[in-house]
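Engineer:
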Amino acid sequence: MSASASRPYDGGCTCSQVRYRMTTKPLFVHCCHCRWCQRETGAAFALNAMIEAERVELLQGAVQVVDTPSNSGKGQRISRCPKCHVAVWSNYAGGGDAVRFVRVGTLDEPDRLPPDVHIFTASKQPWVMLPPNTPAVEEYYKAVELWPPDSLARRAALLAARAKR
Ligand SMILES: [Zn+2]
Ligand SMILES: [Zn+2]
Numbered sequence: 002m003s004a005s006a007s008r009p010y011d012g013g014c015t016c017s018q019v020r021y022r023m024t025t026k027p028l029f030v031h032c033c034h035c036r037w038c039q040r041e042t043g044a045a046f047a048l049n050a051m052i053e054a055e056r057v058e059l060l061q062g063a064v065q066v067v068d069t070p071s072n073s074g075k076g077q078r079i080s081r082c083p084k085c086h087v088a089v090w091s092n093y094a095g096g097g098d099a100v101r102f103v104r105v106g107t108l109d110e111p112d113r114l115p116p117d118v119h120i121f122t123a124s125k126q127p128w129v130m131l132p133p134n135t136p137a138v139e140e141y142y143k144a145v146e147l148w149p150p151d152s153l154a155r156r157a158a159l160l161a162a163r164a165k166r
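If you use my numbering, the sequence shown corresponds to residues 2 to 166, in order.
1. Say yes only if the C-beta of CYS35 is nearer than 7 Å to one or more non-hydrogen atoms of ligand 1, and no if none qualify.
2. Please check the pair TYR21 and VAL89, which I expect to be a contact at CB under 8 Å, by giving their CB distance rounded to whole angstroms.
3. Would you report the Cα separation of GLY76 and GLY96, rounded to the nearest angstrom?
4. Within the present structure, is the beta-carbon of ALA47 separated from the nearest heavy atom of ligand 2 by less than 7 Å?
5. Could you check how far apart the C-beta atoms of HIS31 and VAL118 are, in whole angstroms? I think they sit under 8 Å.
6. What is the DSSP secondary structure of GLN18, counted as helix, strand or coil?
7. For ARG56 and chain C, any beta-carbon pair shorter than 8 Å?
8. Any contact between the segment 41 to 54 and the segment 136 to 145? By contact I mean 3 or more CB pairs, one from each, below 8 Å.
9. Taking 8 Å as the cut-off, decide whether the C-beta atoms of THR107 and CYS16 are in contact.
10. Any idea if CYS38 is buried or exposed, counting beta-carbon neighbours within 10 angstroms, 16 or more meaning buried?
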């Protein structure tokens with residue numbers, strides 16, 4: 002592992018009450034162009050780093066969890082700073098509590114995590130130009146098709162742990 006990839010990924014909210022650390026690199030980074038993400042960010046897309054919940058440590062403060070409707074109809078739980086209300090990560094029904102979607106824009110060094118895939122490009126805002134070398138799909142994809150082997154192994158461990166519960 003390179004020195005850069007082994008360095009933790011620290012981040013936090015705007016008022017600095019909430020500080021967190023991703024202890025390793027994420028499983029995969031989604032750039033989502035769906036209308037729901039556009040509305041929630043007030044921008045053209047959301048940038049989320051998927052990572053095992055146990056690899057995210059709260060360094061300072063506590064998060065307030067807000068139940069929010071989602072595209073799937075099953076909802077997502079968005080963790081926000083209780084003071085400035087900036088969202089730092091969310092959990093979706095599909096991945097349950099075991100997987101967090103960390104908002105890349107809240108990292109101190111967001112440049113370290115560019116998208117691994119662009120999803121829901123069917124509703125991409127037309128002025129957004131996608132880079133030619135990053136996979137892009139109109140809706141969603143299967144992890145086995147795009148994730149690197151080490152991320153797939155981590156995913157298998159998560160699914161095995163869930164099956165045991
Ligand atoms: Zn805050
Ligand atoms: Zn989305």
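Note that CB positions come from ideal geometry on N, CA and C, so glycine has one too.
Structural biologist: Here's the rundown:
1. no
2. 6 Å
3. 12 Å
4. yes
5. 6 Å
6. coil
7. Going by chain labels, chain C is absent from the structure shown, which holds only one protein chain.
8. no
9. no
10. buried
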